Amino acid sequence: MRRVEHRTIAPTPLTDTHATEARRAMAEFLGLPPVELAARRAPLDEKVYQGDQVRQALQTLFRDKCAYCETQRSSPLHVDQHRPVANAGGGRARHPHHYAWLAYEWENLLLVCQACSGRKRNLFPLRGQRAPLLAPLARVRAQEAPQLLDPGYDRPERHLDFTIDGECHPRTKRGAATISMLELNRPPLVEERRNVYGYFAAKIDEARSLDGIVADLKEFDDDAVPFVGSQRILRYRLLSLVAERVGHFSFSFEDSAALIESVVGQATHADVKQALAALQRPEKGVGAAPTPAVAAPRPFTPPIKRIEIENFKAIDHVVIEMEAMRHESSTAAALMLLGENATGKSSVLEAVTLALVGSDVANKFVKARDFEPDRERGGHPGSYGPTRVTVEFWEGPAAELMIGKSGRFEGASEPRANVLAYGSRRYFMPGRRRRSRSGGPRGLFDPSWTLPHPDLWLRDLGADRFPEIARALAEILSLPPGSYLKRDEDRGVYIVDNELETPLSRHSDGYRSIFATAVDLLRGLMGGIDVLDAQGVVLIDEVETHLHPRWKMRVMTALRKALPRVQFIVTTHDPLCLRGMGKGEVQVMVRDPDNRIGLAQGLPDVSGMRIDQILTSEHFGMNSTLDPDFQELFDRYNALLRDSRLKPELAGEIDVLRREINSRQRLGRTEREQRMLEAIDKHLATRVATSPKREQQEEALDAQLDAIWNEAKAETA
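Take 1481 as the starting number for the sequence shown in this note's numbering and just add one per residue.
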C-alpha cells in the first residue's frame, strides 16, 4: 500500500449535469421520513463512476495497481469506494445508508482488486461515532476514527511494516485491523511480494560498488515498480539501519529518497549487507500491536473463472470462461445460457451445482450414475472417458468432482461455495407453514420440491434484520418509489403502496412464487452477515418462469443489484431476460453436425439490442419475428425475386405478392420507400444464392439506392 493523493481534477463524469442530478436525488432520498428511509435502498447511479473515463483516471493515478495491496495481475481491478455506499458496519451495528452520499466523490474512489474488494465488502469499523448523513468528506474524515487505512489519505508507512519474506506486519492497531480485514497476508499475495522483495534484496546484495547500490535503490523508487509502496517502506528501513551504523542523522520517510546517496556514500558494503539481513525480520516492537476490536475475517468466496465439464450426461466436453466482475459495474459477473431444448443448459447447472456442494452432499441427494453419459438418451456415441466437472476460481483451489468406479461421486468432500439452485418449477404451498429452512441445491434436482413458506422466516427475523431484508426485497420486486414492505403479528408481511396495504396472500400466484423464491435466496445466502455482503453462487433454470414481461426485462438487473456479490448462473428461453446482461455474459449452447454439444462462437454484445434484434441474432437464431403465415409470403416473394432474371414470366406473381405485402404496409408507405425496399429485397434474395459475389452486389445496391435518393431530392427541389 502506498499513499496516492487525488490531486488531479475530478473526471468530468463526476461533475457534469448527470452527476449533479444523481447527487440531488441522493440528497432528496436521505431526507425522507425515517420509516421510508429504513425500507428502501439509496438510489445509486453506477454510471456516474463506473465509466471508462473515471476508470482510466484511476488507472493512471494508481499505475494499474490495487490501491490496497498493490497487485497488478493476480486479480481483476475495478472502481470501488473506500467508504462503502451502504450498510457500513464493523461489529453488530449496521448503518444502512452510510456512506451513500459519498459514492460520487473523487477522493472516495479507488482502483481495487477483486480479492481485496471481496474481503472488505461493506466492512468499515470505527472507534467512536459515525458522521451524520450528508456530511462533506472533509468533515467525515475530521470527525471519524476509522480502523481501515485509506490509501488516498493516510500514511501506510506509519501503520505497516514488511519483511523480505513477503509478510506484512502491523505497527499500530489500525495497521493490524487493515491486515485482518483485507487479508494482506493471503498466500498468493505473500508469494508475489516475496518474489519481488527477493529480487530487490539480490540486486542490493550483488551490487559491486556503493554507486551500484545507490542506482539500484533509486531504480526501485519508480511508481511503476511492482509493490513500490511496500518496497519504499523496506528501503526506508534499510537506509535507517545503515544510517545508525555510520552515525548519520535520523530522517523522515518522505526525505529518504533524497538522502540515498548521502547515507549509502558514508557506508561500507558490510554495513549495507548487515542492514539487508535485518530486513528478514520485522523491526523491533513491530508486530506486537494489540489486536484490533474488529470482527474476524468473513468467509470469502472468490468468483468462478472457468467451468469445464467432461462426459456429463449428454455433454462430451464444454468449457465456459467467466469474468470476475461485470464490465462498468461493481457487481459480480453472471452467466446466462441460451439454446434449443436438449442442448445441455440444465446439465451445466447440475454439473456446476454438484461440483460446488462437494461429494459428501452430492451423494446424499442424487445418484451419481444418473449423470454418466447415456448413449440412448443423447450421449454422443464416441469414446467415453471418466465423468469430470472442474470449477476454477479467480483465487484458491478448484472444485473438482468425478464419478468413481464405485458409481459414487468423488473429489473434494467439502462445499467450495455457498450454493443455491432452483429448477424451473418454483412455488410454495400456502397451507404448509412448517419448514422454514432453505432447500439449498435440492430444488434443481427434485421437481416435487416446494419452497418454504416465506412468512415463517420473515416473521421470525429480529427487528434489526427485517428492514435490511425489506430493502433487498424491494430491489428484487422492483417496487416503485413510495412502496415498501411491512409486517405485523396479525397480517404477517404486506406491501405498502401509497398508503394502500396489501397482504402477500392477496397477490397473484405468480407474484407469490417470485416473492417466495426471493425470500429463499436471501435466507440461504445471508447467514450472519448483511445482504449486500452475501457471497455465493445461485443457479436458476428457466429464470423467466412466472414473470410478467415487464419483470422479465428487469429480473437480472434486480437480482444483481439486490445481491451484488453473488454470481448468478441461469438459463432462459426468453429474450426479454437478456436485459441486464453485459458483454460476454450470454452463451448459446448448440449441437454441431455430429450431435456434439458446444458453445456458439462470435456472439454479438446483447446490450443495446432491441428484442426483435436479439431474436434474429445468433442468440436465438430466428429468421424473422413475423407471423408464420405472413413469413411464407415473404419467403415466396424473395424466392421469385431471385429467379425473376431467368424467368420473366414470374413478374405477374411477383406483382401480386408485392401488392399483398404492401397492403399490410411491409414494403414502405411512400413510392420512394417502396422502390428502395424493393431494391434491397432483390439484393437480399440474390445474395443468398450467390454469396461469393457479395461485395460487387453490395456496391451495385449502394449505387441503385443513391440513384433513387438523388432522384427523390431532385423532384422536391
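For each residue, glycine too, the CB sits at the ideal point set by N, CA and C.
From a predicted model like this one, the values you see are computed outputs, not experimental measurements.
S1660 counts as buried, since no fewer than 16 other beta carbons sit within 10 angstroms of its beta carbon. Per DSSP, F1509 lies in no beta strand (DSSP E) segment; the continuous alpha helix (DSSP H) that holds it begins and ends at T1497 to L1510. Collapsing the DSSP output to three states places S1886 in coil. Nearest C-alpha to P1866 among E1875, W1874, G1876 and E1880: E1880. Within the same chain, Cβ atoms closer than 7 Å to the Cβ of E1808 are found at Q1530 and G1531, the five residues on either side in sequence being excluded. DSSP, read as helix, strand or coil, puts H1562 in coil. The three-state secondary structure of C1593, taken from DSSP, is strand.
Secondary structure note for L1829: its alpha helix (DSSP H) is the uninterrupted segment K1825 to V1837.
Looking only at A1747, T1748, A1723 and Q1746, the smallest Cα-Cα distance to S1736 is reached by A1723.
Annotation for I2020: no alpha helix (DSSP H) segment contains it, though the beta strand (DSSP E) segment containing it runs G2016 to I2020.
Annotation for G1923: no beta strand (DSSP E) segment contains it, though the alpha helix (DSSP H) segment containing it runs R1922 to F1925.
In this structure, the alpha-carbon of A1656 lies about 15 Å from that of C1596. For I1795, the uninterrupted beta strand (DSSP E) segment begins and ends at I1795 to E1801. Taking a 10 Å sphere around the C-beta of K1764, we find fewer than 16 other C-beta atoms and assign the residue as exposed. Secondary structure at L1629: coil, using DSSP grouped into helix, strand and coil.
Taking L2113 as the centre and dropping the five residues before and after it, the same chain places the C-beta of L2137, E2140 and I2141 closer than 8 Å to its C-beta, in chain order. The three-state secondary structure of F1946, taken from DSSP, is helix.
Between A1998 and L1941, the CB-CB gap reaches or exceeds 8 Å. Using a Cβ distance threshold of 8 Å, A1505 and P1491 do not count as a contacting pair.
In the DSSP annotation of this structure, the continuous segment of the alpha helix (DSSP H) that includes Y1991 starts and ends at D1989 to M2006.
P1983 sits close to G1972, with the two beta carbons spaced by under 8 Å.
If you look at H1649, you'll find it in the beta strand (DSSP E) that goes C1648 to P1650.
By the neighbour-count criterion, in which 16 or more other beta carbons inside 10 Å mark a residue as buried, A1738 falls on the exposed side.
Taking the Cα positions, M2036 is about 44 Å away from D1641. In the displayed model, Y1529 falls within coil according to three-state DSSP, outside both helix and strand.
As computed with DSSP, R1967 is found in a beta bridge with V1973.
Distances from the alpha-carbon of T1643 to those of I1693, F1707, L1603 and G1598 put F1707 closest. Contact between the stretch 2050-2068 and the stretch 2023-2031 is present, with at least three C-beta pairs closer than 8 Å. Around the beta carbon of Y2117, 16 or more other beta carbons sit within 10 angstroms, so the residue counts as buried. According to the DSSP assignment, E1485 belongs to no alpha helix (DSSP H), since it is labelled neither H nor E. Within the DSSP secondary-structure output, H1575 pairs in a beta bridge with A1568. CA-to-CA, the gap between A1518 and H1639 works out to about 37 Å. Residue environment: N1821 is assigned as exposed (fewer than 16 neighbouring CB atoms within 10 Å of its CB, all protein chains considered). Per DSSP, the unbroken beta strand (DSSP E) holding P1983 starts and ends at L1980 to P1983. Taken through DSSP and simplified to helix, strand or coil, K1683 comes out as helix.
Here the stretch 1609-1627 does not lie against the stretch 1682-1696, with fewer than 3 beta-carbon pairs under 8 Å apart.
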